[in-house]
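Scroll down for the structure; my scribbles are underneath it.
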Amino acid sequence: MKLEVIAKSLDDIILINQSKADRVEYCRDLEVGGLTPSHADIKAVTALAKVPVNVMVRPHDQGYVYTEEEFQQILNDIDFIANETKAAGIVLGFLTPDGEVDFNRLQQAVTHAKDKTVTFHRAFQEVKNQLEALPKMEALGIHCILTSGRENINESLSFLKTLTDSTKINILGGGGVNFANIGQVKGVVDEIHVGTAIREANNWEAPISITKINELKACLEN
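Remember, the working numbering sits 4 above the position in the sequence shown when you count from 1.
The following block contains the structure:
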C-alpha cells in the first residue's frame with residue numbers, strides 16, 4: 005500500500021528523499037489546507053524529488069466554487085505543471101454552488117493536465133451526493149480521491165470501505181491519519197495520505213521526521 009506524504013519546501017523533499025515514502029503531495033500554506041506553490045518552487049521541488057510529486061492547485065482557501073478569472077488562473081497553473089515540470093500529478097477540486105462536483109470544469113482541468121494524474125482533493129468532503137459522483141469521476145479518468153470520508157476519519161471507516169468498494173478510483177485516506185488509527189484506516193482504503201503525523205511534535209512548523217515516515221510505511225506493510 006502506498007504512503008503519500010505532504011511536503012511544503014525543498015528542505016522537506018531532501019528529508020523525504022531519504023525515507024520510504026512512495027509519493028509526495030506538494031503545496032504551501034498548510035495551515036489553511038494547502039495552496040498552489042509558486043511556479044519556480046514547483047519546478048525546483050519536482051526536479052529534486054526522488055519519488056513522484058503531485059502538486060496542489062488551489063488559489064485560495066475560500067471554498068471550491070471559483071470565479072471565471074480564478075478558474076483561468078487554475079488552468080494556467082495546470083498548463084505550467086503539465087508542460088514545464090517533472091510533476092507526476094495534479095491535486096484539485098471544483099464544486100458547483102449547490103454542492104456537487106463541477107464536472108464541466110473538472111473535464112477542462114483533466115484535459116489541460118495531459119498525461120499527469122489527477123487527484124480530487126478534500127473538496128470531496130463537501131459533495132452532497134458522493135457515491136453518485138463516482139461513476140462520472142471515474143469516466144473522466146480521475147486517479148485518486150483524497151478524503152476522510154465524513155467529518156472525522158475515525159467515525160468514517162465503514163463509509164470509506166463503501167467508497168473503496170464502489171469505484172476503480174483509488175481512495176486515498178487522509179485528514180487525521182496517525183499512528184493510532186492507521187491500522188484501521190489501511191483496511192478500508194487503497195492508499196494512505198499523512199501530514200502532521202510525519203513531523204516532529206505533529207506540528208506543521210516542525211521538520212519532517214524520516215523515522216516517522218518509515219514507521220508509518222512499516223505499519224502499511226505489516
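The beta carbon of each residue, even a glycine, is placed where N, CA and C say it ideally should be.
query: With distances taken from CA atoms, which of Glu159, Thr151, Val181 and Asn182 is nearest Ile175?; result: Thr151
query: Could you pull the start and end residues of the alpha helix (DSSP H) that Phe163 belongs to?; result: Leu161 to Ser170
query: Quick check: the Cα distance between Asn218 and Gly187, rounded to an integer number of angstroms?; result: 15 Å
query: Between the Cα of Asn133 and the Cα atoms of Phe163, Val122 and Lys118, which residue gives the shortest distance?; result: Phe163
query: For Cys223, which of helix, strand or coil comes out of DSSP?; result: helix
query: What residues match up with Phe107 in a beta bridge as DSSP calls it?; result: Paired residue(s): none; Phe107 is not in a bridge.
query: Do Ile20 and Val59 have their CB atoms nearer than 9 Å?; result: no
query: Three or more C-beta pairs under 8 Å: does that hold for the segment 179-194 against the segment 208-223?; result: yes
query: Using a Cβ-Cβ cutoff of less than 8 Å, which residues in the same chain neighbour Val189 once the five nearest sequence positions on both sides are dropped?; result: Ile157, Leu161, Leu164, Gly177, Val181 and Ile196
query: Mind checking who Ile10 pairs with in its DSSP beta bridge?; result: Glu29
query: So, Val61 versus Leu99, is the Cβ gap smaller than 9 Å?; result: no
query: If contacts are defined as beta-carbon pairs under 8 Å, then Thr123 and Gly93 qualify, I think. What distance do you get, rounded to the angstrom?; result: 6 Å
query: Using C-beta distances below 8 Å, list every residue in its chain close to Val114, excluding the 5 sequence neighbours before and after it, in chain order.; result: Val122, Leu144, Gly145 and Ile146
query: Buried or exposed, going by whether 16 or more other CB atoms sit within 10 Å of the CB of Thr50?; result: buried
query: Just to confirm the assignment, what range does the alpha helix (DSSP H) spanning Leu79 have?; result: Glu72 to Glu88
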